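Residue numbers (this note's numbering), protein chains in the order written: chain B, 45 to 156; chain D, 1494 to 1604. Worksheet: one structure, shown below.
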Amino acid sequence: EDKVVQSPLSLVVHEGDTVTLNCSYEVTNFRSLLWYKQEKKAPTFLFMLTSSGIEKKSGRLSSILDKKELSSILNITATQTGDSAIYLCAGPFNFRNEKLTFGTGTRLTIIP
Amino acid sequence: KAGVTQTPRYLIKTRGQQVTLSCSPISGHRSVSWYQQTPGQGLQFLFEYFSETQRNKGNFPGRFSGRQFSNSRSEMNVSTLELGDSALYLCASATAAGELFFGEGSRLTVL
């Protein structure tokens, strides 16, 4: 059975700090890995990483895929209180892209 | 461009009743999938539709069903509601590349 594990489960840092969130996966058929941010509502799409696109960056957020280690990291630099959220990692680890297996998420809290 | 639209946003039902939730995908997206989110189980895949056909199904009982219409809009139905069905039900539509975009969700409370 495909499995996605995220760490840490929760993280509390001060505004301005840099954080690294981890995601590891055990899958039979890797296709891509997706990162989402979830505040009090629906998950918001951040990045999709594939074999041909192992590094993505958007402003203060960046993500890297390590296919050899079966893992990915999400970095957030110069954190702000608006970054407080649950960060979810997921993968379509079967033939169909649309069936995502989600990790349990990392709850990030930024203290002003 | 409008995002994924789900209705209703909130609803309260009692055990044994049934419920129908609606989802309109982003214009041009033909794939619609449904997820259940609960504090204990996280986000779990229910099913996915493409061109009115169910292509994939998660591990949920037969009380959970869905369909997709020719305009890509989708509905999901839960019959004989149980207390454990209380959850946030999320609909997502996908680009051809596989990027999923979620709607705001329908929060169902079963009393």
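Backbone N, C-alpha and C define an ideal beta-carbon position, used for all residues, glycine too. Please read all numbers here as calculations on a predicted model, not as lab measurements.
The CB of Phe-1538 of chain D comes closer than 8 Å to the CB of Lys-143, Leu-144, Thr-145 in chain B, given here in chain order. Counting only residues of its own chain and dropping the five nearest sequence neighbours on each side, Tyr-1542 of chain D has a CB closer than 6 Å to the CB of Val-1525, Gln-1561, Ser-1567. At a cut-off of 3 residues, the continuous stretches assigned as beta strand (DSSP E) that sit fully inside the stretch 1551–1581 of chain D are 1557–1561, 1567–1571. Cβ-Cβ distances below 6 Å link Ser-1565 of chain D to Pro-1518, Arg-1523 in the same chain, with the five nearest sequence neighbours on each side left out; the list follows chain order.
The DSSP-derived three-state label of Gly-126 of chain B is helix. According to the DSSP assignment, Thr-121 of chain B belongs to no beta strand (DSSP E), since it is labelled neither H nor E. Per DSSP, reduced to three states, the secondary structure at Glu-70 of chain B is strand. Proximity of chain D to Leu-78 of chain B at the Cβ level (cut-off 9 Å) is accounted for by Gly-1591, Glu-1592, Leu-1593, in chain order. Close to chain D, meaning a Cβ-Cβ distance shorter than 7 Å, are the following residues of the stretch 80–111 of chain B: Lys-85, Ala-86, Pro-87, Phe-89, Met-92. Annotated three-state conformation of Val-1497 of chain D is coil, per DSSP.
The Cβ atoms of Leu-1593 of chain D and Leu-144 of chain B lie closer than 8 Å to each other. Contact between Phe-146 of chain B and Leu-1536 of chain D holds: CB atoms are separated by about 4 Å, below the 8 Å threshold.
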